[in-house]
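Comments concern the structure below.
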Amino acid sequence: MTSEKPPHTALVLVSHSRPLAEAVAAMARQMSGDAVRIVCAAGAGDNGEMLGTDAIAIMAAIETLAPDAAEIVVLMDLGSALLSTDLALDMLPPETRKKVFPTGCAFVEGAVAAAALAAGGAGATEIIREAAHVLQPKRAHFGEQETAQPAIDMGIVPTEISADAVLTDPNGLHARPTAQIVTLARSFDAKVAISNTTRDIGPVPASSVLALFKLAARAGDKLKVSASGKEARQAVAAICQLISELTGDDEGGKV
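For the sequence shown, my numbering assigns the number 24 to the initial residue and increments by one for each residue that follows.
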């Protein structure tokens with residue numbers, strides 16, 4: 024595995040409701056652990072006890088993260104959260120403003136996907152590209168259509184090394200194990216893809232949360248892990264082991 028890595032992308036959650044933002048942050052941290060810094064700038068008044076948004080609090084949250092973060096992605100819920108964020112960005116010093124990337128993605132799903140990608144080392148541009156389409160699996164489940172398809176770079180399908188693993192998690196490949204796979208895949212100097220051979224879906228890049236959701240993998244499905252690159256063999260072995268050891272026992276409430 025590679026050793027020294029640049030700082031992770033950090034997240035700011037802007038919401039009218041502090042309890043909502045903190046609950047979303049808790050969900051997102053289940054995807055990233057301590058690898059990604061997530062700060063809430065939510066509510067108005069003292070300690071954010073009132074419904075509303077505060078540009079000064081948003082600016083302060085960004086400035087708290089700026090010294091150590093490579094980039095900062097800001098997610099907002101609705102209405103004045105957008106206007107308050109715009110005002111906060113206008114007040115930032117130019118050097119700090121260059122690090123900040125607001126996105127109009129879905130607040131809850133976007134934060135979860137962003138945390139998983141950031142934990143794997145993704146930058147703001149890649150996070151925003153995927154988060155913009157993070158509702159696609161939900162829409163597809165209910166037969167709804169998106170007007171634009173997500174721009175996932177499928178690249179060249181890796182063929183150097185491959186192995187099969189049976190998904191053991193009784194809950195299937197839901198958000199938390201997906202985040203674990205993404206983080207693990209990104210830790211190797213290799214290009215990794217996964218196919219669901221049971222359902223004849225894939226291959227899709229293992230570095231993408233949205234792409235892995237497309238596998239629709241359930242307990243008992245056979246997943247083929249393929250990789251190319253300097254650490255292809257190690258990547259395939261590690262990801263197959265992770266897939267085969269997912270039990271759901273430590274998950275409490277499924278995410």
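For each residue, glycine too, the CB sits at the ideal point set by N, CA and C.
Run of the beta strand (DSSP E) containing residue i, from where it starts to where it stops
{"i": "T281", "result": "The requested residue 281 is not part of the displayed model; the chain covers only 24 to 278."}
{"i": "L98", "result": "95-99"}
Buried versus exposed call for residue i [16 or more other C-beta atoms within 10 Å across all chains shown]
{"i": "H164", "result": "exposed"}
{"i": "D69", "result": "exposed"}
{"i": "M73", "result": "exposed"}
{"i": "G166", "result": "exposed"}
{"i": "K253", "result": "exposed"}
{"i": "T201", "result": "buried"}
{"i": "G243", "result": "exposed"}
{"i": "A171", "result": "With a pLDDT of 49 at A171, under the threshold of 50, the predicted position of this residue should be treated as unreliable, though the coordinate-derived value follows. Exposed, because fewer than 16 other Cβ atoms sit within 10 Å of the Cβ of A171."}
{"i": "P125", "result": "buried"}
{"i": "A49", "result": "exposed"}
{"i": "E132", "result": "buried"}
{"i": "P117", "result": "exposed"}
{"i": "I151", "result": "buried"}
{"i": "D212", "result": "exposed"}
{"i": "S231", "result": "buried"}
{"i": "A174", "result": "Here A174 scores only 46 on pLDDT, less than 50, and its place in the model is too uncertain to base an answer on."}
{"i": "T148", "result": "exposed"}
{"i": "L106", "result": "exposed"}
{"i": "L34", "result": "buried"}
{"i": "D113", "result": "exposed"}
Where the alpha helix (DSSP H) containing residue i begins and where it ends
{"i": "D113", "result": "103-114"}
{"i": "M82", "result": "78-88"}
{"i": "V135", "result": "130-142"}
{"i": "V205", "result": "198-209"}
{"i": "R60", "result": "From DSSP, R60 is part of no alpha helix (DSSP H); its letter is neither H nor E."}
{"i": "H156", "result": "Where H156 is concerned, there is no enclosing alpha helix (DSSP H), given that its DSSP letter is neither H nor E."}
{"i": "E167", "result": "No alpha helix (DSSP H) holds E167; DSSP gives it neither H nor E."}
{"i": "P117", "result": "117-120"}
Of the residues the options, the one placed nearest residue i, counting alpha carbons only
{"i": "T270", "options": "L196, A147, S251, L233", "result": "L196"}
{"i": "K122", "options": "D100, G146, L110", "result": "G146"}
{"i": "T32", "options": "E45, S55, V47", "result": "S55"}
{"i": "L36", "options": "R60, P30, Q53", "result": "R60"}
{"i": "E183", "options": "E149, A136, F211, S249", "result": "S249"}
{"i": "R41", "options": "M50, L34, D57, A67", "result": "A67"}
{"i": "I262", "options": "L238, V189, G243, K253", "result": "V189"}
{"i": "A58", "options": "A141, L115, F211", "result": "A141"}
{"i": "P160", "options": "A129, G144, G143, A65", "result": "A129"}
{"i": "S210", "options": "A255, V131, R162, A64", "result": "A255"}
{"i": "H39", "options": "A137, T76, L110", "result": "T76"}
{"i": "M82", "options": "A92, D91, L110", "result": "L110"}
{"i": "G102", "options": "A80, G127, N219", "result": "G127"}
{"i": "Q203", "options": "F236, S107, T220", "result": "F236"}
{"i": "K245", "options": "I224, S231, A229", "result": "I224"}
{"i": "A216", "options": "L112, A80, P228, V62", "result": "P228"}
{"i": "A234", "options": "V205, G143, D187", "result": "V205"}
{"i": "R199", "options": "S107, L265, S185", "result": "L265"}
{"i": "Q257", "options": "R222, A208, L34, T87", "result": "A208"}
{"i": "A44", "options": "N194, A240, V135, G143", "result": "V135"}
Per DSSP, cross-strand counterpart(s) of residue i
{"i": "R219", "result": "First, the residue type needs correcting, since residue 219 is Asn and not Arg in the sequence shown. Beta-bridge pairing links N219 to I224, L246."}
{"i": "S38", "result": "A65"}
{"i": "A186", "result": "V248"}
{"i": "K214", "result": "S251"}
{"i": "M73", "result": "A67"}
{"i": "A44", "result": "DSSP, once it has assigned bridges, lists no residue as partnering A44."}
{"i": "A239", "result": "Answer is none; A239 lacks a bridge partner."}
{"i": "A33", "result": "I95"}
Supposed contact pair residue j and residue i - C-beta distance, whole angstroms, cut 8 angstroms
{"i": "I95", "j": "A104", "result": "So it is not a contact: roughly 16 angstroms between Cβ atoms."}
{"i": "A154", "j": "A137", "result": "5 angstroms"}
{"i": "P30", "j": "D91", "result": "6 angstroms"}
{"i": "A84", "j": "A64", "result": "4 angstroms"}
{"i": "K247", "j": "S267", "result": "Their Cβ separation, rounded to whole angstroms, is 13 angstroms, which puts K247 and S267 out of contact at 8 angstroms."}
{"i": "K214", "j": "S251", "result": "5 angstroms"}
Residue i at chain C interface by Cβ criterion, 8 angstroms
{"i": "I151", "result": "Absent from the structure: chain C. Only one protein chain is present."}
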